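K.L.:
Adding 24 to a residue's 1-based position in the sequence shown gives its number in this note's numbering.
All residues carry an ideal CB built from backbone N, CA and C; glycine is no exception.
Since we're looking at a predicted model, the values are computed, not measured.
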Amino acid sequence: SFTNSEAITVPTFGKTVMLGTNPIACAMPAEPYPFFFDASTSVVTRGKLEIYNKAGKPMPEGWALDKNGLPSTDAADVLKNIVGKAGGGIMPLGGSSETLGSHKGYGFAMLCEIFSSILSLGKTSNHAMQGGKGGICHGFIAINPNLFGDPEAIKAALSKFLQELRDSPKADGQSRIYTHGEKEVAAVEDRMKNGIPVDENTMAELLDVCDYLQMDWAAYFGDYRPGRQEDMFGGNY
25 SFTNSEAITV
35 PTFGKTVMLG
45 TNPIACAMPA
55 EPYPFFFDAS
65 TSVVTRGKLE
75 IYNKAGKPMP
85 EGWALDKNGL
95 PSTDAADVLK
105 NIVGKAGGGI
115 MPLGGSSETL
125 GSHKGYGFAM
135 LCEIFSSILS
145 LGKTSNHAMQ
155 GGKGGICHGF
165 IAINPNLFGD
175 PEAIKAALSK
185 FLQELRDSPK
195 ADGQSRIYTH
205 GEKEVAAVED
215 RMKNGIPVDE
225 NTMAELLDVC
235 DYLQMDWAAY
245 FGDYRPGRQE
255 DMFGGNY
């Protein structure tokens, strides 16, 4: 599947957002669990920047560019520039240099645009969400394995290869090689058992929304109330 989004990614050698995070996803049956790949074609998603902004910490180098197209670790400044269309944004996979493959991430983002917005004659990322309106486009491809052979044999072949990847020699200091979807399966099991970890500022924003919509906060979060005094809608509680 392919989905474009509001422009937040800068093309290689550019300094203006023109592409979305433009994720590409693929799923295929396998054992002991399916192969799941779902990833943005940018180095990171906007959510990662939000996490560092809320924590007041510098981002890792190689994630984003400032308004002049230069590398930046200031999440608050990058987010402000993205919202204000002042320049700068998230880098495509590979960063800002062709040496590390930036042009490849840029190309994958373009493939996503072709299979979502271009083929549907919809809005490309740089025109989506303008004026508060939508325009996000999607593309889906479903492949019947019967066209290639016995579905169970194909499933077994993928399962065997995934296990060979997991069993292959590990780098020094590493104890495990993951295949795509493996961490997510473990995360789902952990969240179902232990709940979802949420930082203090995000909890405060959830409280703001509940208060704004006059929803019963306690029904979901009990007596817990974050320590923020000013809410996201401009009032106090």
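I'd like the ranges of any alpha helix (DSSP H) spanning at least 4 consecutive residues and lying wholly in the segment 124 to 212.
P.N.:
Listed in chain order, the complete alpha helix (DSSP H) runs (minimum 4 residues) inside the segment 124 to 212 are 126 to 137 and 175 to 191.
K.L.:
By alpha-carbon positions, which one of Asp90, Lys128, Asp196 and Lys179 ends up nearest to Asn170?
P.N.:
Per the Cα distances, Lys179.
K.L.:
If we ignore side chains and look at the alpha-carbon of each, how far apart do Leu94 and Ala54 end up?
P.N.:
If you take the alpha carbons of Leu94 and Ala54, they lie about 43 Å apart.
K.L.:
Can you have a look at Arg70 and say buried or exposed, based on whether 16 or more other CB atoms are within 10 angstroms of its CB?
P.N.:
The residue is buried, with at least 16 neighbouring Cβ atoms inside 10 Å.
K.L.:
Classify Ser120 as buried or exposed, calling it buried when 16 or more other Cβ atoms lie within 10 Å of its own Cβ.
P.N.:
Under this definition Ser120 is a buried residue.
K.L.:
Buried or exposed for Glu85, please, with buried defined as at least 16 other CB atoms from any protein chain shown within 10 angstroms of its CB.
P.N.:
It is exposed - the Cβ of Glu85 has fewer than 16 other Cβ atoms within 10 Å.
K.L.:
In the DSSP output, which residue or residues are listed as bridge partners for Cys50?
P.N.:
Phe61.
K.L.:
With H, G and I counted as helix, E and B as strand and the rest as coil, what does DSSP make of Phe245?
P.N.:
Note: Phe245 maps to helix in three-state DSSP.
K.L.:
Rank Asp174, Ala110, Phe139 and Pro175 by C-alpha distance to the C-alpha of Cys161 and give the top, closest one.
P.N.:
Nearest option by C-alpha distance: Phe139.
K.L.:
Measure from the alpha carbon of Arg190 to the alpha carbon of each residue in Ala177, Glu206 and Pro175, then state which is nearest.
P.N.:
The shortest C-alpha separation from Arg190 is found at Glu206.
K.L.:
So Pro35 packs on Ser66, CB below 8 Å; how close in whole Å?
P.N.:
So it is not a contact: roughly 11 Å between Cβ atoms.
K.L.:
Quickly, what does DSSP pair Ser66 with across the bridge? List them, please.
P.N.:
Pro116, per the DSSP bridge assignment.
K.L.:
Does the distance from the C-beta atom of Val102 to that of Gly113 stay below 9 Å?
P.N.:
Going by C-beta atoms, Val102 is nearer than 9 Å to Gly113.
K.L.:
Return the residue from the list Ser25, Met239, Asp98 and Lys39 that minimises the CA-CA distance to Lys72.
P.N.:
The shortest C-alpha separation from Lys72 is found at Asp98.
K.L.:
Label Ala211 either buried or exposed according to how many other C-beta atoms from any shown protein chain fall within 10 Å of its C-beta, with 16 as the threshold for buried.
P.N.:
Under this definition Ala211 is an exposed residue.
K.L.:
What residues match up with Ser272 in a beta bridge as DSSP calls it?
P.N.:
Coverage of the chain is limited to positions 25 through 261, which leaves residue 272 absent and any answer about it impossible.
K.L.:
Figure out for me which residue from Met42, Thr226, Gly38 and Gly44 has the closest Cα to the Cα of Asn92.
P.N.:
Selected option, being the one with the closest Cα: Gly38.
K.L.:
According to DSSP, is Leu43 helix, strand or coil?
P.N.:
Of the three classes helix, strand and coil, the one that applies to Leu43 here is strand, per DSSP.
K.L.:
Excluding the 5 residues preceding and the 5 following Trp87 in the sequence, name in chain order all residues of the same chain whose CB lies nearer than 7 Å to its CB.
P.N.:
Within the same chain, Trp87 has close Cβ partners Val67, Val68, Ile114 and Met115.
K.L.:
Any idea what DSSP makes of Thr226, helix, strand or coil?
P.N.:
The answer is helix: DSSP assigns Thr226 an H, G or I state.
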